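K.L.:
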Amino acid sequence: MGYVETKNLHKHFGDVRAVDGVDLDVKEGELVVLLGPSGCGKTTLMRMIAGLETPTAGEIYIAGEHMDKDVPPRARGIAMVFQSYALYPHKTAYRNIAFPLEAMGTPARVTKERVHGGARMFSIERLLDRFPRQLSGGERQRVALARAVVRDPKVFLFDEPLSNLDAQLRAVARYELKEFQRQLGTTTIYVTHDQVEAMGLGDRIVVMDKGKVRQIGSPQEVYEHPADTFVATFLGSPPMNLVEHDEGTLFGFRPEHFLPKPVFTAHEEVFTYHLRVRQVEHLGADRLVYGHLDEVSRSDQPVIAALPVTITTPIAEGQVYEFAVPRRAMRYFDRRTGLGRKDGAA
Ligand code: ATP
């Protein structure tokens, strides 16, 4: 049995099926990321696990215990960090971190030790006397994380905790968050709509759409073997190219696998296309080449090739070039249902 489990979990708001039959199985110590577009039900799922929302149907288990709707959030052994850090503005960082411990009746000496321990973990010891308004966004976020950690919960629930940070700080905070989660070994569920964050943090990723789970797997699995065209195009920037092969089949290939034909050795088995180049973008590490395939007459969607800087082949807009995709990188989808087919079964 998983450490956090949901069985056929539903939440309906009137006609809206915010969560529509979700089975989750999060193992002890695992960091699982819920990823999906806005409105796909991530937060609602999290709030039900937290006990902030009552399920319409289905069951939730935490550490083997059934979380009946009567089990309140504070009795679930969870600690939450949300996008709005919800720090008390009139309490210092110290008092903010200490508050949940004091509320549980923890002896003052233990509280002090834990607060300093949590502060050390996030390098905020020198900020403990400040009020939230005297802290930067990143520092506030660390206080919120320290406050979650000191309670020594069974499970962390994080809902976009890094989204208020700028891009640079976000990358650092992501690294730190993963470090401390590994150190503590606390089972964690993390909500984001940012695929880079999901890929970087998650032991496994749960890709959701319209209240349903589309795929659960390691970052590598969901990226390399997407279960359907939704996952294929939601993950990856630019997304996977999908081109019509015949009436029933779509071929899918990632831009980084779509390269000028001369790059491949003669032994490599490849699919070759003629790429009519419309636009070239130089992005530093990559060169993105947008164009259309001469072989695919009905396709009105451009395909994109992502060439690393190490490939210096000259490419000019308006010209046609032979590009190729290695067979091992080609994916196949049913055109009607969007579902993936076994690789190699075109
Ligand atoms: P975001 O990334 O934008 O936060 P999300 O994936 O977390 O989105 P939810 O907040 O779980 O999505 O919402 C899922 C669906 O349920 C949406 O269509 C939303 O409008 C609807 N919904 C959420 N809460 C309520 C509510 N209290 N009443 C009515 N509808 C709601």
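What the sequence shown shows, in my numbering, is residues 1 to 346, in sequence order.
Think of the CB as a built atom: it goes at the ideal place given N, C-alpha and C, for glycine as much as any other residue.
Keep in mind it's a predicted model, so treat the numbers as computed, not measured.
Please determine if the stretch 155-169 and the stretch 182-199 are in contact, where contact requires at least 3 C-beta pairs separated by less than 8 angstroms.
P.N.:
Yes, they touch.
K.L.:
Would you grab the beta carbon distance between residue 77 and residue 9 for me? Rounded to a whole angstrom, and I think it's under 8 angstroms.
P.N.:
Wrong, their Cβ atoms sit about 19 angstroms apart, outside the cutoff.
K.L.:
Beta carbon of residue 165, beta carbon of residue 171: below 7 angstroms?
P.N.:
It is not a contact, given that the beta carbons lie outside the stated cut-off.
K.L.:
Going by C-alpha distance, which of 142, 121 and 35 is nearest residue 86?
P.N.:
For the residues 142, 121 and 35, the minimum Cα distance to residue 86 belongs to 142.
K.L.:
Quickly, what does DSSP pair residue 88 with across the bridge? List them, please.
P.N.:
According to DSSP, residue 88 bridges with nothing at all.
K.L.:
Using the Cβ count rule (16 or more neighbours within 10 Å means buried), how would you classify residue 5?
P.N.:
Residue 5 is buried by the Cβ-count criterion.
K.L.:
Is it a yes or a no for the stretch 7-22 touching the stretch 59-79, going by three-plus beta-carbon pairs under 8 angstroms?
P.N.:
Because the criterion of three Cβ pairs below 8 angstroms is met, the stretch 7-22 and the stretch 59-79 touch.
K.L.:
Would the C-beta of residue 320 count as close to ligand 1, meaning under 6 angstroms from any of its heavy atoms?
P.N.:
Not under cutoff, so the answer is no.
K.L.:
Below 7 angstroms between beta carbons: does that hold for residue 252 and residue 232?
P.N.:
Yes, these two residues count as a Cβ contact at 7 angstroms.
K.L.:
Since residue 48 and residue 55 are thought to touch, with beta carbons under 8 angstroms apart, how far apart are those beta carbons, to the nearest angstrom?
P.N.:
That pair is a contact at about 5 angstroms.
K.L.:
Quick check on DSSP: helix, strand or coil for residue 276?
P.N.:
Reduced to three states, the DSSP call for residue 276 is strand.
K.L.:
Considering only heavy atoms of ligand 1 and the C-beta of each residue, which residues fall inside 6 angstroms, strictly closer?
P.N.:
Qualifying residues, in the order they occur: 13, 16, 18, 36, 38, 39, 40, 41, 42, 43, 44 and 193.
K.L.:
Would you mind reading off the limits of the alpha helix (DSSP H) that contains residue 229?
P.N.:
Taken as a continuous stretch (DSSP letters only), the alpha helix (DSSP H) holding residue 229 covers 229-234.
K.L.:
Do the stretch 204-222 and the stretch 173-184 meet, that is, are 3 or more Cβ pairs less than 8 angstroms apart?
P.N.:
The stretch 204-222 vs the stretch 173-184: no contact.
K.L.:
Do residue 315 and residue 280 have their beta-carbon atoms positioned less than 7 angstroms apart in this structure?
P.N.:
Cβ distance < 7 angstroms, so residue 280 and residue 315 count as in contact.
K.L.:
Going by other Cβ atoms of all chains shown within 10 Å of its Cβ, with 16 needed for buried, is residue 292 buried or exposed?
P.N.:
It is buried - the Cβ of residue 292 has at least 16 other Cβ atoms within 10 Å.
K.L.:
Where in the stretch 70-138 do unbroken runs of the alpha helix (DSSP H), each at least 4 residues long, occur, reported from the N-terminal end onward?
P.N.:
Those alpha helix (DSSP H) runs which fall completely within the stretch 70-138 and span 4+ residues are 93-103 and 108-121.
K.L.:
Between which two residues does the alpha helix (DSSP H) carrying residue 180 extend?
P.N.:
First-last of the alpha helix (DSSP H) with residue 180: 167-184.
K.L.:
Could you tell me the boundaries of the beta strand (DSSP E) in which residue 154 lies?
P.N.:
Neither: residue 154 is in no beta strand (DSSP E) and is coded neither H nor E.
K.L.:
Can you tell me whether residue 168 is buried or exposed, with buried defined as 16 or more other CB within 10 angstroms of its CB?
P.N.:
Exposed, by the Cβ-count rule.
K.L.:
Work out the CA separation of residue 51 and residue 44 for me, nearest whole Å.
P.N.:
Each residue's alpha carbon lies about 10 angstroms from the other.
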